[in-house]
Every structure is written in C-alpha cells, then in structure tokens.
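Notes follow once the structure below has been shown.
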Amino acid sequence: MKISTEYIRLEQFLKLCDLAESGGQAKLMIRAGEVTVNGETELRRGRKLYPGDTVEAAGSTVKVE
C-alpha cells in the first residue's frame with residue numbers, strides 16, 4: 610500500500626488497507642495482539658509505519674510503500 614506522507618499510524622493503515630472496518634476494530638485487533646509489524650507483535654496503535662515496513666493482520670500481509 611503506497612502512502613503519500615512520510616509515515617502513517619498503524620491504526621490508520623489498518624483501516625486504509627481494509628484490514629479493519631473501523632478504528633474501533635483496529636484498536637481491538639492491536640490490543641489483542643493480532644497485528645504484527647516487521648514480524649513482531651505490535652500493541653501500540655499509534656506506531657508509526659514507514660515505507661519498507663510490513664504489516665500482518667487478519668490473514669493478510671501488506672507492505673508500506
């Protein structure tokens with residue numbers, strides 16, 4: 610998924626990629642440990658993602674470009 614800014618927050622990225630239907634769902638997925646960034650479980654919804662990062666959630670893998 611290509612972003613047009615320097616970075617994007619994890620919660621926003623999950624919604625943008627349709628991995629979460631809403632911000633509330635994204636928050637719950639992150640709190641439950643269902644999201645990994647670069648292969649490590651991420652529990653911070655405000656985590657900044659930069660081009661080159663890889664996010665795994667809901668059975669999908671999406672790379673930030």
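Under this note's numbering, the first residue of the sequence shown is numbered 610, with each subsequent residue one higher.
Backbone N, C-alpha and C define an ideal beta-carbon position, used for all residues, glycine too.
Item	Value
Could you tell me the distance, in whole angstroms, from the CA atom of I639 to the CA atom of S613?	23 angstroms
So for K636, helix, strand or coil by DSSP?	helix
How is L623 classed by DSSP in three states: helix, strand or coil?	helix
Between the Cα of L652 and those of A666, S631, Y616, D627, spot the shortest distance and give me the residue it belongs to.	A666
Just to confirm, is the Cβ distance from N647 to D627 under 7 angstroms?	no
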